[in-house]
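All letters in the sequence shown, in the order written, are residues 34 to 705 by my numbering. We put the CB at the ideal spot given by N, CA and C, even for glycine.
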Amino acid sequence: MKIIKTAVYLFILVFLVGYSRTGTAQAARDSIQVRKIWSNGFHNAFTSLLYFDKYFYCSFRQGSGHVGGDDGVVQIIRSKDRVNWESIAVLKKEGYDLRDPKLSVTPDGRIMVIIGGSVYDNRNLVSRLPHVSFSNRSGSNFSHPQPVSIDSRIKTDTDWLWRVTWHGKTGYGVIYRLPRKISLVKTTDGISYELVKDFEEVDQDPNETTVRIAPGGEMFMMVRRRTGKGLWGRSMPPYRDWSWTDTGIDFGGPDFEMVRDDLFIAGTRVYEKPVYTGIYLADKKGRFRKIFRLPSGGDNSYPGFVVAKDRIYMSYYSSHEGNASVYLAEIPMSVIDEALSAPPVIESGMIWDQAPHNAFTDLARFKGKFYCVFREGGSHVSGNDGSIRVLASDTGGEWASAALIREEGIDLRDPKLSVNPDGRLMIMCGGSKYEDKAVREWHTRVLFSENGIDWTPPMRITGVPSNNWAFGITWKSDTGFIAPRICRTDPQTMQVDQTGTQIKVYKTSDGLNYEPVSEDITAGNFECGKGCGETSIRFRDDGSMVILARLPGKGKFLFGAPPYEKGFTTADIDHGMGGQAFLPLENGYWLIGTREYAYERPGGRAGTATVLLAADENGIYKRVAELPSGGDTAYPGMLKYNGELWMSYYSSHEGKSAIYMSRIPLAGLRPR
C-alpha cells in the first residue's frame, strides 16, 4: 500500500479568475485551493472523482505516456481528508492499455469503474474493448476488469464506452467508435448495454461524451467533436428526441455536474495558447461561461467533479510541473455565487436626445475640452439619414453642439475619436449606402478638425478593399493601426456579403492612407461570418497588440507581437458584445464596456443593459458596474481622466434612444 502525504499547497485567490497568463494570483472574497495529490514519475492522467462511504476516490490511468502503448493501468486512490491519499487498487489486463477509468455507484451500492481498453501494434490502434470493474461493499477491493457486452446492433471492434451515469436503477452512457459515431446505451447491471439511440445526426467526429440526468429525468450531454466545436444535448425520457446546441467551445476530456437547478459546473481543456484546464458554468440551454483557469499546461484536463453543500471538488491532471500529475481543486460555493452576482448600478445623466435616434458614441479630450460624438438618425439601421453630431464641454457638466456632419446619400455610423500625430482631432466612422434597406456598400470614412468645430468633409480611406469597416483607430507614436472587417460583394444581389469576412491589421501615418500589416487574422483563429462585428485595437506597455473582436454571442481577444504580421493567439470572452470599447486596467486586466443581453443577465436583472467588465487575458471576467440602461443600448466611449473613467453610452430605457454620461472612480473598477 502506497501513501502520499502532500506537502504542496497552492491557493488561487480569485475574483473570478483562476490563474492569469502571467501566473499572478488575484485577490478575492474566497479562495480556491489546489493541491497535487499524485505524482510518481509516470504519466498519470484522465481522472474521475467520487465520494463514497466517507472517502474521496480518484481514479486515473498510469502509463509511460499519453497514448500508444500497452502499459496503461488503472490506479485508484482514496482519502478521507483529501490530503493523505492511499492506493487501494491497480487494475491491469494483459495486452490492453486500460484508459480513462470513470467512477460511479451502482444501485446495489458498489463502486463501478468503466474503462476503455485499447490494443496496439507498434503504437498503431488495432482494436478497442470497454471493460468494467466493481468494488466490494466497503470500496476497499476491486474485481479484475472484465469486458462489457454491447448491443449487437451497434457493436464494433473500436467501441469506447466513455462514462456511465446512473439514474434510479438504470445506468446511461455514450459509446463512440470508428468511423466516428456515437450511440446512447443503457444498463441495469453495468455489464450488458442495450441501444437507446443512435445519433446519426451528430457529425464532425464525435467522441468523448459525458451524460448527466436532472432529478426530474431530463438528460444532458456534453459531446466532444474532433473536427467541430463541442455540442450540448438535452432530451426527456425515453431519450430518443434530442435538441442540440453548438457551444462554440473545443472540448477536451469534458465533464460536468449539476450544481442546482439550471446551473452546471463543467471542466475541459481550453485550446488556447498555451492550453490549460478551465472551469465553466453552463445553463440548461448550453450557454457556457468560462470562470477559472486552473494551474495547468501542456498535457492536461480530463476532470472529475464531486458537488457538496458548500463547495465543489474537482480532480484533473496536468504536466505544467513536469510529468503528468493529478491535482485536486476545492472551489467554495460562495465563489460560484460571486461569479453570478449582479454589479452595482452607477449613476449617469442624459446629455442629448434631440434626434429621433441618438446612438453609437465615443469620447475624447482635445485642447482642454471634452468631446462626445455619436450618430443621429431616424432609427438604429437601414437608412441613409445617419449624420455625426459632435458635442463639446469645458467641464463635462454642460454639453453643447459643436458640429453636425453629413454626407449625401450615405449613412454615417459608429464615429470614433482620436488625436492624430499632427495634433488634429480625427473622427473615423463607417459609411453605409442602402437601397431598399439592403446595404450596397461599406467604406470607412475619416474627418479632421483643428478646433472641434470646423471639419473636413468625410473622406474614404485608401489602401483597404471595399467593403470595409474600421471600428476606430489607435495611435502608437506616429503610426495609427486599424483592424477592419473586410467583406465581398455578392455578385448575384450586389449587396455586402458578410459570410467569409476577413479581419486584417492596417497601418497609417496620416489617418487617410493605409497599408496592410498582417495576414487575415481570422485564419486558424476563428470564423468571422455574418455575426462578426466591431473590432478595435489597444497596446500593452511592451508594445504588443491586443485586439478585441465581437463574435456571435461572445468576444475574443487576439494578442500579437511586433511586427503584427501573424502568429496571433486568442482567448474567448464568454459574454455578448455590442459596440464594445476597452481600456487597460492594471496587472494585465482590461476594462470592457459593452451591451449585456437578456439571456446573460445576472439574477434579479432583466432586459438588456450597458455594463462594465473587468477581464483578464484568459477572457475570464467579472461584472464591475452597470449603467442605467435598457432596450437599444451600449456602444460606449471610454476615457481615463484624473482618476476617473468618463463613459458615454446610449440607451432607450427612458423612451427614445438618448446619450448618457457617467463618471466612475477607477479605483472602484479594479479587480478585487
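Handout entry: For L702, the three-state DSSP class (helix, strand or coil)
Key = What you label residue 702 is simply residue 669 of the sequence shown in a count that begins at 1. In this structure, L702 counts as helix in the three-state DSSP scheme.
Exercise for the section: Output the distance between the C-alpha atoms of M694 and P617, rounded to the nearest integer angstrom. Expected result: As a first step, residue 694 is located in the sequence shown; it is residue number 661 there, counting from the start. As a first step, residue 617 is located in the sequence shown; it is residue number 584 there, counting from the start. Spanning the two alpha carbons is a distance of roughly 20 Å.
Practice task
Run the CB neighbour count on T526, radius 10 Å, all protein chains shown included, and call it buried at 16 or more, exposed below.
Solution key: Here residue 526 is taken as the residue at index 493 of the sequence shown, counted from 1. Exposed is the call here.
Practice task
With a cut-off of 8 Å on the beta carbons, I'd call G544 and G513 a contact; round off their distance for me.
Solution key: Reading the sequence shown from its first residue, position 511 is the one you call residue 544. Reading the sequence shown from its first residue, position 480 is the one you call residue 513. Sure, about 6 Å apart at Cβ, within 8 Å.
Exercise for the section: Mark L645 as exposed unless 16 or more other C-beta atoms lie within 10 angstroms of its C-beta, in which case mark it buried. Expected result: Position 612 of the sequence shown, counted from the start, is the residue given in the question as residue 645. So L645 ends up on the buried side.
Practice task
Count the other C-beta atoms from every protein chain shown that fall within 10 angstroms of the C-beta of M610, then say buried if there are 16 or more, exposed otherwise.
Solution key: In the sequence shown, counting from the first residue as 1, residue 610 sits at position 577. Classification for M610: buried.
Handout entry: Cut-off 6 Å between Cβ atoms - residues of its own chain near G676, not counting five sequence neighbours on either side
Key = For this step, residue 676 is matched to residue 643 along the sequence shown. Result list for G676: L699, in chain order.
Exercise for the section: Indicate the three-state DSSP secondary structure (helix, strand or coil) for M366 in the structure shown. Expected result: As a working note, residue 366 is residue 333 in the sequence shown. Here M366 sits in helix by DSSP.
Problem - V414 to N484 span [Cα, whole Å] - result: Locating residue 414 in the sequence shown gives position 381, where the first residue counts as 1. Locating residue 484 in the sequence shown gives position 451, where the first residue counts as 1. Straight-line Cα distance between these residues: approximately 30 Å.
Practice task
For M252, I'd like the list of residues in its chain whose CB is within less than 6 Å of its CB, leaving aside the five on either flank, ordered along the chain.
Solution key: Within the sequence shown, residue 252 is the residue found at index 219, counting from 1. For M252, where only same-chain residues beyond five positions count, the Cβ hits under 6 Å are I246, S268, Y272.
Handout entry: Where Y42 sits in the DSSP three-state scheme
Key = Position 9 of the sequence shown, counted from the start, is the residue given in the question as residue 42. In this prediction, Y42 scores a pLDDT of 36, lower than 50, which makes its location untrustworthy; the coordinate-derived value is nonetheless stated afterwards. Strand, per DSSP.
Handout entry: R656 burial status per 10 Å Cβ neighbour count (16 or more: buried)
Key = Counting from 1 along the sequence shown, the entry for residue 656 is found at position 623. Buried: at least 16 other Cβ atoms inside 10 Å.
Problem - Residue-level contact to chain D via CB, G150, 8 Å cutoff - result: Note that chain D does not occur in the displayed structure, where there is just one protein chain.
Practice task
Over the uninterrupted beta strand (DSSP E) stretch that includes V308, give me the two end residues.
Solution key: As a working mapping, residue 308 is identified with position 275 in the sequence shown. V308 -> no beta strand (DSSP E), and no H or E assigned at all.
Exercise for the section: Give the straight-line distance between the Cα atoms of G566 and L702, rounded to the nearest whole angstrom. Expected result: Counting from 1 along the sequence shown, the entry for residue 566 is found at position 533. Counting from 1 along the sequence shown, the entry for residue 702 is found at position 669. Spanning the two alpha carbons is a distance of roughly 26 Å.
Practice task
Could you please give the first and the last residue of the uninterrupted beta strand (DSSP E) stretch that includes R521?
Solution key: Along the sequence shown, one-based indexing puts residue 521 at 488. Taken as a continuous stretch (DSSP letters only), the beta strand (DSSP E) holding R521 covers 518-522.
Handout entry: Outcome for S465 when other beta-carbon atoms lying within 10 angstroms are tallied against a minimum of 16
Key = Taking the sequence shown and counting its residues from 1, one reaches residue 465 at position 432. Result: buried.
Problem - Residue interval of the beta strand (DSSP E) (run including Y630) - result: Stepping through the sequence shown from its first residue, residue 630 is reached at position 597. No beta strand (DSSP E) contains Y630, which DSSP labels as neither H nor E.
Exercise for the section: Report the residue from Y674, A631, S358, M254 whose alpha carbon sits nearest the alpha carbon of V218. Expected result: As a position in the sequence shown, residue 218 is number 185, starting the count at 1. Cα-wise, what sits closest to V218 is M254.
Problem - Classification of I110 by the beta-carbon crowding that lies within 10 angstroms, buried from 16 upward - result: Locating residue 110 in the sequence shown gives position 77, counting from the first residue. Buried: at least 16 other Cβ atoms inside 10 Å.
Exercise for the section: Taking all protein chains shown into account, decide if T532 is buried (16 or more other Cβ within 10 angstroms of its Cβ) or exposed. Expected result: Looking up residue 532 in the sequence shown gives position 499. Per the 10 Å Cβ criterion, exposed.
Problem - Buried versus exposed, by CB contacts within 10 Å (16 or more), L373 - result: Translated into the one-based positions of the sequence shown, residue 373 becomes position 340. Per the 10 Å Cβ criterion, exposed.
Problem - C-beta contact flag for E241 and P287 at 8 Å - result: In the sequence shown, residue 241 corresponds to position 208, counting from 1. In the sequence shown, residue 287 corresponds to position 254, counting from 1. Yes.
Exercise for the section: Express the C-alpha separation of Y205 and L296 in angstroms, rounding to a whole number. Expected result: For the purposes of this step, residue 296 is identified with residue 263 of the sequence shown, where counting begins at 1. For the purposes of this step, residue 205 is identified with residue 172 of the sequence shown, where counting begins at 1. If I take the Cα positions, the gap works out to 21 Å.
Handout entry: Selected residue, minimal CA-CA separation from F481, among F399, R186, L264
Key = Translated into positions along the sequence shown, residue 481 becomes position 448. Of F399, R186, L264, the residue nearest in Cα terms is F399.
Practice task
Could you check what DSSP says for A388 in three-state terms: helix, strand or coil?
Solution key: As a position in the sequence shown, residue 388 is number 355, starting the count at 1. Of the three classes helix, strand and coil, the one that applies to A388 here is coil, per DSSP.
Problem - Sequence-distant residues of its chain with Cβ nearer than 7 Å to L158 (five each side left out) - result: Within the sequence shown, numbered from 1, the residue matching residue 158 stands at position 125. Cβ within range, chain order: S151.
Problem - Whole-Å CB distance - R213 paired with P239, under 8 Å assumed - result: Along the sequence shown, read from residue 1 onward, the residue named residue 213 stands at position 180. Along the sequence shown, read from residue 1 onward, the residue named residue 239 stands at position 206. Confirmed, Cβ separation roughly 6 Å.
Handout entry: Beta-carbon proximity check, Y632 vs R186, cutoff 8 Å
Key = The residue given as residue 632 occupies position 599 in the sequence shown. The residue given as residue 186 occupies position 153 in the sequence shown. Cβ distance not < 8 Å, so Y632 and R186 don't count as in contact.
Practice task
From the DSSP output, in three-state form, read off E598 for me.
Solution key: In the sequence shown, the residue the question calls residue 598 occupies position 565. Three-state result, E598: coil.
Practice task
Have a look at I697 and L424 and give me their C-alpha separation to the nearest angstrom.
Solution key: Within the sequence shown, the letter at position 664 stands for residue 697. Within the sequence shown, the letter at position 391 stands for residue 424. Rounded to whole angstroms, I697 to L424 spans 20 Å at the Cα level.
Exercise for the section: Following the continuous beta strand (DSSP E) through S171, name the residue where it begins and the one where it ends. Expected result: Working through the sequence shown from its first residue, we reach residue 171 at position 138. Here S171 belongs to no beta strand (DSSP E), and DSSP marks it neither H nor E.
Handout entry: Contained beta strand (DSSP E) runs [length at least 3] in the stretch 93-177, N- to C-terminal order
Key = 106-112, 117-124, 130-138, 144-154, 157-161, 164-167
Problem - Per-residue DSSP class, three states only, for E687 - result: Mapped onto the sequence shown, residue 687 falls at position 654. Reduced to three states, the DSSP call for E687 is coil.
Handout entry: Inter-residue Cα distance where the pair is Q59 and R257
Key = To locate residue 59, count along the sequence shown from 1; it is residue 26. To locate residue 257, count along the sequence shown from 1; it is residue 224. Residue placement at Q59 is flagged as unreliable, the pLDDT there being 38, under the threshold of 50; the coordinate-derived value follows with that caveat. Approximately 31 Å, taken between the alpha carbons.
Handout entry: Where A247 falls: helix, strand or coil (DSSP)
Key = As a position in the sequence shown, residue 247 is number 214, starting the count at 1. Reduced to three states, the DSSP call for A247 is coil.
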